[in-house]
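Take a look at the structure below.
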């Protein structure tokens, strides 16, 4: 069968579904290309659709069959129209998100479930198995009451005040760097540990409220706030996914960077407090706020090479959605083509100017991630030898061992390698050597 058609098409061709009336499409532009973003109002999930899939979805009004809508899409978009398999995958995702209405026969329901479940499995496989959320409250009413008082912070005047305070705090920290570095020797003392446990939840809660108020400032809703357990460490979070549909990338960047801005502001204020007070509890807390809001923000949360806030700001800024996953996938296929000689493996579709970003980001993020984890392991090993060694082993396994095992499995079983397996194996071992 040719690539345009699908052997499963008969199961969906005669259906007459309609798109959910409560769903809203938002037109985005990435590197000159138009995409349509629709948000699932129930789960908060965001779906990014090509213009052709968007046209297909709009044509599903309950009167047309899926086949009629698809044929209209082919006539309108030509070579850019979705194949029948792509249309089935899109319908499965939209149906699974509750965005399609209408009765679906049992066999078609099973087809949708299998298709959507495969995509969900791939997404679950990319998630961190030791990170899970516990929703606690709906903060939207609280945010609504306070948003007008917070609004001046999102003006140019507010940005200027923030910049002056952060700049002054940074200058003060640099001028007193030796004294600040000397204070780090007492980090494991009981007073410092207690101060850290007091400062951390407060700073992170204000961080999340920064995201939440930024979403509210432009009319979005924030319906969930709770605790994220990351490697079993509790961290506050808010669901700011409503910002994903904002067409203006500047607004998405402000929402993504609002938490970083809050932490840097708090760290700057804490620097002034630390310099002004005598040694004691207040100074311990101020130093803890500086570490949480300053050092950890610059090296972790604000660093675009780790998939935290800085990463999302960068992805929006350079207009490459899903930057991390796409960069890894692009580099993996590029290496297969260059090092293993698998020229028949096609590179993923990219927009103009994306390939250099994808390759550079994948290499830089992988290198930085390994360096950070080994650095933490080395620090732990000097104080808690067993914990440091365990973290180092886990890092080497997850970043080196597991990819190597996956490569061996690919070379041994992938049908693409096929009859060229001997040459490919020789080339791969030659590249390693």
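Residue numbers (this note's numbering): 24 to 456.
Every residue, glycine too, gets a C-beta built ideally from N, C-alpha and C.
Straight-line Cα distance separating residue j from residue i
i           : j           : result
residue 52  : residue 359 : 31 Å
residue 118 : residue 112 : 10 Å
residue 346 : residue 338 : 6 Å
residue 299 : residue 320 : 23 Å
residue 35  : residue 56  : 29 Å
residue 219 : residue 239 : 30 Å
residue 279 : residue 242 : 16 Å
residue 200 : residue 209 : 15 Å
residue 172 : residue 93  : 50 Å
residue 237 : residue 325 : 17 Å
residue 305 : residue 211 : 17 Å
residue 246 : residue 213 : 38 Å
residue 83  : residue 40  : 6 Å
residue 27  : residue 90  : 13 Å
residue 462 : residue 341 : Because residue 462 is not part of the residues shown, which for the chain are 24 to 456, the question remains open.
residue 103 : residue 373 : 14 Å
residue 150 : residue 277 : Confidence is the limiting factor: at residue 150 the pLDDT is only 48, short of 50, which leaves the residue's position unreliable and the question unanswerable from this model.
residue 363 : residue 394 : 27 Å
residue 307 : residue 332 : 27 Å
residue 275 : residue 228 : 20 Å
residue 157 : residue 348 : 25 Å
residue 303 : residue 174 : 36 Å
residue 114 : residue 397 : 44 Å
residue 216 : residue 314 : 12 Å
residue 168 : residue 161 : 13 Å
residue 416 : residue 401 : 11 Å
residue 44  : residue 352 : 36 Å
residue 259 : residue 198 : 33 Å
residue 224 : residue 368 : 48 Å
residue 263 : residue 390 : 29 Å
residue 383 : residue 323 : 19 Å
residue 163 : residue 202 : 43 Å
residue 193 : residue 388 : 26 Å
residue 181 : residue 318 : 23 Å
residue 116 : residue 187 : 47 Å
residue 378 : residue 301 : 53 Å
residue 179 : residue 96  : 45 Å
residue 191 : residue 204 : 19 Å
Residues sharing a beta bridge with residue i, DSSP
i           : result
residue 366 : Per DSSP, none; premise fails for residue 366.
residue 53  : 56
residue 249 : 158, 260
residue 70  : 61
residue 48  : 61
residue 321 : Answer is none; residue 321 lacks a bridge partner.
residue 166 : Per DSSP, none; premise fails for residue 166.
residue 42  : 123
residue 84  : 41
Sequence-distant residues of its chain with Cβ nearer than 6 Å to residue i (five each side left out)
i           : result
residue 195 : 294
residue 309 : 293, 296, 297
residue 316 : 226, 286, 289, 290
residue 49  : 60, 268, 270
residue 252 : 155
residue 105 : 75, 76
residue 58  : 51, 71
residue 272 : 339
residue 257 : 250
residue 281 : 233, 234, 237
residue 100 : 75
residue 170 : 239
residue 335 : 279
residue 107 : 28, 29, 32
residue 80  : 42
Cβ-heavy atom distance, residue i to the ligand NAD, below 7 Å
i           : result
residue 293 : Of ligands this structure carries none, so the ligand NAD is not represented either.
Neighbourhood of residue i by C-beta, 8 Å cutoff - its chain only, sequence neighbours within 5 removed
i           : result
residue 47  : 61, 62, 268
residue 375 : 54, 55
residue 380 : 341, 343, 346, 350
residue 265 : 62, 67, 238, 243, 244, 245
residue 366 : 360
residue 69  : 60, 61, 62, 63, 264, 267, 268
Cβ-Cβ separation, residue j to residue i (assumed contact under 8 Å), whole Å
i           : j           : result
residue 42  : residue 122 : 6 Å
residue 370 : residue 386 : Not quite, the Cβ-Cβ distance comes to about 16 Å (not below 8 Å), so this is no contact.
residue 231 : residue 189 : Not a contact, Cβ separation roughly 19 Å.
residue 312 : residue 206 : Not a contact, Cβ separation roughly 13 Å.
residue 248 : residue 159 : 6 Å
residue 88  : residue 37  : 5 Å
residue 125 : residue 78  : With 8 Å as the limit, residue 125 and residue 78 do not qualify as a contact, their Cβ atoms being about 19 Å apart.
Beta-carbon proximity list for residue i, same chain, < 7 Å, skipping 5 on both sides
i           : result
residue 284 : 185, 233
Restricting to runs no shorter than 4 residues, where is the alpha helix (DSSP H) found entirely within the region 160-244? Taking only runs of at least 4 residues, the alpha helix (DSSP H) segments lying wholly in the region 160-244 are 163-173, 179-198, 200-206, 213-240.
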